[in-house]
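One structure is given here, and the rest of the page talks about it.
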Amino acid sequence: MSEQQKHTFEERIRFVAKYYQEHTFDAERAWRRFADGRPIRRRLPAWIWQAAAVLLLALGGFTYYMMERQQPDWVVVATGADEQQVLLLPDSSCVEIAGGTELRYDARAFGRAERRVMLKGMGFFRVRHQADKPFHVQTAASKVTVLGTSFLVQEWQAGVQVQVLTGRVRFEAGQAEPVVLKAGDAARYQEREARIQVWTDADANARSWRTHELVFRGATLPKVIRDLETCYGVPVRNLAQSSDSLRLTATFRDMPLEEVLSVINQTLDTQLRVGEK
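Quick note: the sequence shown uses the numbering used here, first residue 1, plus one each step.
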């Protein structure tokens, strides 16, 4: 050991001796104090980790299942221009769907608290009565609410028309005041007018688009035009200044619209044409 190292060692000995007091350090007591203040870490058994992993997987699966249940399960029925379909809904209500129409509903939600379908086009509904589950037909511009009845809903670009054959329906559209329609009533909503027009001469011609038959018995010109629009699914307008008091008595079966318009124009001296109003 060098002289420098000896000197350093002696300095340390003197420092310890200066502050050392006998019987002041208890090693066992110090260890107990250390152990009491420090948590003891033990390894968990392997089965606990396995159970935790199973629980996490089950929780994840349940969460995924609940999220899937909340996602809509859309049933969509669409018809071609010259195609018609009869659809039986889960509640046994029946819908006769006209050509160029789309009807959809959420199979998961339908029949829980309510029964709701979305319609683009035209359909004739025969709704099974369920007092605690109202039936809604939703279009882009309106909503029809019923409990049990048969009615026609026709949607086109300019508005919506409803005709009731049996029962009662509530018709809502845009900002207009809702109306309640009973059997034999009909109503039309046009967006540009922002109001609901109601009349009381709805009849079996409401299904003419399916039966291909129109029967008029002293029908007024406005009714003739409405029934033509329902049957052929296109807007009809009168270019002549004809009186609404004109009456038509005629029957048309399986006739093209052009021929029907020609007969009516010759009979009533009108100028009915296909086109937007």
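We put the beta carbon where it would ideally sit given N, CA and C, even for glycine.
query                                                                                                     : result
Cβ-Cβ separation, Ala187 to Gln197 (assumed contact under 8 Å), whole Å                                   : 7 Å
Rounded separation between Gln84 and Pro256 - CA only                                                     : 17 Å
Best match in Val180, Arg192, Leu165 and Gly218 for proximity to Gly174 [C-alpha to C-alpha]              : Arg192
Spatially closest choice to Met122 from Arg112, Glu155, Asp201 and Ala206, by CA coordinates              : Glu155
Three-state class that DSSP yields for Arg207 in the structure shown                                      : helix
For Ser142, the residue or residues it bridges with in DSSP                                               : Ala173
Residues sharing a beta bridge with Gln241, DSSP                                                          : Per DSSP, none; premise fails for Gln241.
Residue interval of the alpha helix (DSSP H) (run including Glu229)                                       : Leu221 to Tyr232
Beta carbon of Lys143 nearer than 8 Å to that of Glu172                                                   : yes
Which of helix, strand or coil DSSP assigns to Leu246                                                     : coil
Environment of Ala107 [buried if 16+ CB atoms lie within 10 Å]                                            : exposed
Thr79 (DSSP reduced to helix, strand or coil)                                                             : coil
For Phe124: DSSP bridge partner residues                                                                  : Glu96 and Leu152
Residues near Leu261 by beta carbon distance below 8 Å, same chain, minus five either side                : Leu228, Val236, Leu272, Arg273 and Val274
Option nearest Gly99 by Cα separation, candidates Val160, Ala81 and Thr251                                : Ala81
Those residues which DSSP pairs with Thr166 across a bridge                                               : Ser150
Straight-line gap, Arg170 to Lys133 (C-alpha atoms, nearest Å)                                            : 15 Å
Nearest-angstrom beta carbon gap, Asn205 and Thr230 [assumed within contact, 8 Å]                         : 7 Å
Beta-carbon spacing of Arg247, Ala219 below 8 Å                                                           : yes
Between the CA atoms of Leu214 and Ser245 - distance to the nearest angstrom                              : 20 Å
Per DSSP, cross-strand counterpart(s) of Glu102                                                           : Ala78 and Lys120
Beta-bridge pairing of Leu87 - partner residues as DSSP gives them                                        : Val95
Three-state secondary structure assigned by DSSP to Ala194                                                : coil
As assigned by DSSP and simplified to three states, the class of Gly60                                    : helix
Which of helix, strand or coil DSSP assigns to Glu114                                                     : coil
Straight-line gap, Thr145 to Phe135 (C-alpha atoms, nearest Å)                                            : 6 Å
Buried versus exposed call for Ile225 [16 or more other C-beta atoms within 10 Å across all chains shown] : buried
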